Structure formats: C-alpha cells, structure tokens
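Written below as structure tokens is the structure these notes are about.
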Amino acid sequence: MPEQAKKPIKITETVLRDAHQSLIATRMPTELMLPIIDKMDKVGYHSVECWGGATFDASLRFLKEDPWDRLRKLRDGFKKTKLQMLFRGQNILGYRPYADDVVDYFVQKSISNGIDIIRIFDCLNDLRNLQEAVNATNRFKQKEGRGHAQVALSYTLGDAYTLEYWTGMAKKIEEMGADSICIKDMAGLLVPYKATELITAMKSATKLPIQLHTHYTSGVAGMTYLKAVEAGVDVIDTAMSPFAMGTSQPATEVMVETFKGTPYDTGFDQNLLAEIADYFRPYRDECLKNGLLNPRVMGVDIKTLLYQVPGGMLSNMVSQLKEQNAEDKYYDVLKEIPRVRKDLGEPPLVTPSSQIVGTQAVFNVLMGERYKVATKETKGMLRGEYGQTVKPMSQEVIDKVIPGEERITCRYADTLENELDKLEGEMKEWKQQDEDVLSYALFPQVATDFFKYRQAQQEKVDMSQADVKNGAYPV
Ligand SMILES: [Mn+2]
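In terms of the working numbering, the sequence shown opens at residue 720 and continues consecutively.
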C-alpha cells in the first residue's frame, strides 16, 4: 500500500440495537446489557447504537420494561462512549406521522435522557419529513451543547436512484443543517464495487462525515465495508461476533482485524473485544436453544438480492400467508412486491413503506384482483400523507383506490394540529414521569398495558411494606 495519511476507521457498535433486532426480534433485556457496559465503554467506539423504534416497542410490549429507564441506565454506564439512536423522521419511533410538537418533545427527551447521536431517516427519503427532527436536535444542541443530527438516506435500487440522485441528496442534507450523513442499506443491497462508486461520489459532493450501515443478509457486507473504507467512508456499523452476520451486521472483531496495520487501523484491543464476545456468547447459545435465534437468519439469503426485499419483510410476509393458509402463494407475492412498489412511486422498502408495500402485495394476490382491497396505509400513501416519492405514483391505481379524493403535495405534518395536550389528557391517570406521554403517543395500547402492569408491580411491592396494623397502604 502506498504511503498514506492515517485515517482510523470509526466504528458504531450495534449489538445493543440492530444486531439483536435483526437476529432475535429485539428481545435482549436491559439486565443482560448492564454487566458488560463497563468493558464496552473502554473499546473506543465512535458510538454505541442502543435505542430505536423496535427496541422501544419490544421493551414495552414483550419485556415489560420502560425504554426510558433502559436509556438512563445505559447513559449511567457509558461514561465516555456516545450513545446513538434510530429515529423515523416525522414518524418518530412509531408508524404514523406526528405533529411537530411531539417530534420536538421526543428529540428533547431523547437527548436529555442520554442520547448523543440521532440517526434520522424517512422511508421515502422525503427530506421535508426529516427537517423538524434535525431542527429540534440543533435547537437542543445550541442550548445544552449536546446532540448530533445524522440524516440517513434509505438505500435502494431502481431507475430513479442514480449517483446523481444520491449526491444531490447529500448536498441538500448539508444545507438542511445535519451534522453527518448515513447511507442506510437495510437489505444488504449495496455490493462492493458499487460502494466504491457511491462513496467516492458522495465524498466529492459533501464535506459532511459519511457513515455506512448495512446488513450481512446477502453475504457481501464485509467486502462492501472494505471498498467503502478504501473510498473514504468515515464510520461503519458492526456487531460483536456472537450477534453478527446473517441478517445482522459484519462482526466488529473481523473488521477491526481487517484494517490492522493499515492507515485505517482502529487501534482497538482484540483481547478486550474477545472478553466482550465471551460475555455475549452464552446468551447467543441460550437464544439458539430456546428458538429465539433461528439458524435460518444466520446464513446467506440471496433472495434479498434477487427480490430486493429486506429480510424482516420476507418473514412478515411468510407469517401473513401462513395465517391465511396460502403459503403456496409465496412466489406470486414476491413477484407482486416490485409491481406494488412501482405503483406507489418506487419508494425504498423500510419501515413503514416495507410493511405497506408488503401487505398490499399480499392482498392483491389473495383477493385475485389488484387493489380490490386497499389498506388504510396504502390509501394514505396514495394521498401523499407519507410524503413525496421519487417517481410519480400510478394514476390508474390512484383512480381505483381513492377516486376523486384530494391529494397532498405539501409537507403532511403542516396539516396536523399540535397534539401533545390532547395526548396528555388521554393518559394523565397513568403518568409517573414526563416521558410517559411520549411512550403513549407512539404506542397507545401497548403503553397503556405497560402502565397498568407497572402500577400492579408497584402495588405488589408496596403491599410488602404496608402498615397492616394501622391499615395504611402506601399508594
Ligand atoms: Mn439496520
């Protein structure tokens, strides 16, 4: 290798968020994370990703944990490492667009509870859906000196997604006041030599640091990172080996070793990484044994390249078909997905557009007639409520599904009234901390169930301390 200035590649560790989301349905509990934080804090990671939509949802729904409490505990433990979260633009961590006051408040509370870097994405790459979250982060940063707004572009393939498209977006992101850019390849579609082209073009278009996020699903991710790093990418996302590969990220230790002795050397201590891996390995074995970790998600799934469908979307589709006793329609639905995607303006497939396109494709096949039944979300998409797509939507489908209805061309959130007060009113009997209203805003039913559970737990605890003789029960 020719003499070259040192440029250590920075690493975001995903084991506390995307890795377990991708492999074990986001079921890693906080108590499993806490004992290893001290060691993780010594590695020298650029950041640790630890929070996002699925971690929030699964905490409340399945683990019966308060996600805010998890965040505060992680913040306490990580003394010097930055904490990172994933944020769905105007949809926050939920599945519908929210009014700006909720977006602002969520950003504020995320940072004040411990988040440093907010990775903000939109399923249509409509930057109008990201602006408010970026502004809110910048406002907080000005006031408190903490907070980093990273705008993530959802990576996808298609006629519209040319190098000019991506570099044009990079320039706009710079103008909108973001601190960095992420290329978020949720399905593992970015192949190594395309990464060279993409990163080279992006680096010449913007001065902002560029981070690459991909998944091992299609088997190329390690090579893609290598080419991206050589082309000048600044940060890559990796996962500790027990929760790496398959539908997760390339292994941290492997990427660290790959760049050892090169200008990109991370300087990380492999012995320390080995201790961290040793900690997570028994949990991985336990997950394999209890079925939480299915060996099927650990190999290479080349279908993801053929059909350009993220792994999670495929497994959703399989279970929808199973429920309808229509598993034999699998390949019909796979063929229908790109057609629906085209009808809806060729969006990237990522939450929530992936669910919208996938579910509609299932309906189209099962009903025997395309768009005979359209979901509420498909209608919302056609009306423009999710934002503008890179290509126009099918007029024929618009006429069939929402005949005569007015379509939105402005930023949808501009049509929404502030909603925090109303939400506060609906949930005030459960409120124990300011953040509870945000949990409720995102997942009203799941959060209410959690609040009830929390109260029952507290009352049970209180019962043991009750002053039985005087009949006094702390409430
Ligand atoms: Mn991901």
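No residue lacks a Cβ here, since even glycine has one placed at the ideal position from N, Cα and C.
Computed from a prediction, not measured in an experiment: that's the story for all the values here.
Any heavy atom of ligand 1 within a distance shorter than 7 Å of the CB on residue i?
{"i": "M905", "result": "yes"}
{"i": "D820", "result": "no"}
{"i": "D1004", "result": "no"}
{"i": "D1168", "result": "no"}
{"i": "D785", "result": "no"}
{"i": "H765", "result": "no"}
{"i": "D737", "result": "yes"}
{"i": "H867", "result": "no"}
May I ask you to list the residues that DSSP assigns as paired with residue i?
{"i": "V870", "result": "I839 and I900"}
{"i": "K801", "result": "S766"}
{"i": "K729", "result": "V954"}
{"i": "F806", "result": "I839"}
With distances taken Cα to Cα, identify the nearest neighbour of residue i among the options.
{"i": "T749", "options": "L779, F987, L1142 and F1170", "result": "L779"}
{"i": "T1070", "options": "D841, A958 and R1126", "result": "D841"}
{"i": "K801", "options": "T745, Y817, D760 and I918", "result": "D760"}
{"i": "T1074", "options": "I1056, Y935 and H867", "result": "Here the sequence assigns Gln to residue 1074, which means Thr is not the residue at that position. Per the Cα distances, I1056."}
{"i": "F806", "options": "E863, D757 and S873", "result": "S873"}
{"i": "Y1159", "options": "E732, L812, L753 and K726", "result": "L812"}
{"i": "E1005", "options": "A724, P961 and E1088", "result": "P961"}
{"i": "V1016", "options": "H934, V762 and T925", "result": "H934"}
{"i": "Y880", "options": "F999, Q1152, V1109 and Q809", "result": "V1109"}
{"i": "V1165", "options": "T925, A773 and L751", "result": "A773"}
{"i": "N1137", "options": "K726, D823, D795 and K792", "result": "D823"}
{"i": "L1142", "options": "Y1002, A724 and V1156", "result": "V1156"}
{"i": "N848", "options": "G1106, D997 and G938", "result": "G1106"}
{"i": "L843", "options": "P1066, L1101 and Q1151", "result": "P1066"}
{"i": "V1019", "options": "A1175, T925, P1029 and T936", "result": "T936"}
{"i": "L753", "options": "T981, L790 and V1037", "result": "L790"}
{"i": "P1014", "options": "Q723, K725, I743 and T977", "result": "I743"}
{"i": "F781", "options": "F1169, A1175, Q803 and Q1176", "result": "F1169"}
{"i": "A897", "options": "V1028, D757, N857 and R1058", "result": "N857"}
{"i": "F797", "options": "K758, D788 and M1036", "result": "K758"}
{"i": "I839", "options": "T977, N810 and K1061", "result": "N810"}
{"i": "E1115", "options": "V1059, A1080 and E1154", "result": "V1059"}
{"i": "R1003", "options": "Y1172, L751 and E1148", "result": "L751"}
{"i": "Q1151", "options": "Q723, I900 and D788", "result": "D788"}
{"i": "A871", "options": "K1147, L927, F775 and T1094", "result": "L927"}
{"i": "Q672", "options": "Y814, H932, E1145 and P1111", "result": "The structure shown does not extend to residue 672, since the chain is modelled only from 720 to 1194, so the question has no answer here."}
{"i": "D1118", "options": "C1129, G1087, D1062 and S1072", "result": "D1062"}
{"i": "Q1027", "options": "L876, T886 and K828", "result": "L876"}
{"i": "L1033", "options": "A920, V1081, L846 and P1001", "result": "V1081"}
Just to confirm before moving on: does the CB-CB distance between residue i and residue j stay below 8 Å?
{"i": "L991", "j": "V975", "result": "no"}
{"i": "Q930", "j": "M895", "result": "no"}
{"i": "I1039", "j": "T1097", "result": "Note that residue 1039 corresponds to Gln in the displayed sequence, not to Ile. It is not a contact, given that the beta carbons lie outside the stated cut-off."}
{"i": "I955", "j": "A947", "result": "yes"}
{"i": "G1103", "j": "I1127", "result": "yes"}
{"i": "D1051", "j": "V1076", "result": "no"}
{"i": "I918", "j": "G866", "result": "no"}
{"i": "G907", "j": "A852", "result": "no"}
{"i": "F987", "j": "G771", "result": "no"}
{"i": "G941", "j": "V910", "result": "no"}
{"i": "T957", "j": "T733", "result": "yes"}
{"i": "P727", "j": "T966", "result": "no"}
{"i": "L1011", "j": "R746", "result": "yes"}
{"i": "S766", "j": "D835", "result": "yes"}
{"i": "L1161", "j": "D820", "result": "no"}
{"i": "Q869", "j": "I837", "result": "yes"}
{"i": "D953", "j": "K1091", "result": "no"}
{"i": "I756", "j": "L793", "result": "yes"}
{"i": "P1029", "j": "M905", "result": "yes"}
{"i": "T971", "j": "M959", "result": "yes"}
{"i": "A818", "j": "L1135", "result": "yes"}
Quick one: which unbroken alpha helix (DSSP H) runs of 4-plus residues sit fully inside the segment 918-1000? Chain order, please. Fully enclosed alpha helix (DSSP H) runs of 4 or longer: 940-949 and 971-977.
Mind listing, in chain order, the continuous alpha helix (DSSP H) runs of no fewer than 4 residues lying wholly within the segment 1061-1102? 1072-1085 and 1095-1102
Those runs of the alpha helix (DSSP H) which lie wholly inside the segment 1017-1045 and span at least 4 residues: Counting whole runs of 4 or more residues, the segment 1017-1045 contains the alpha helix (DSSP H) stretches 1022-1026 and 1030-1042.
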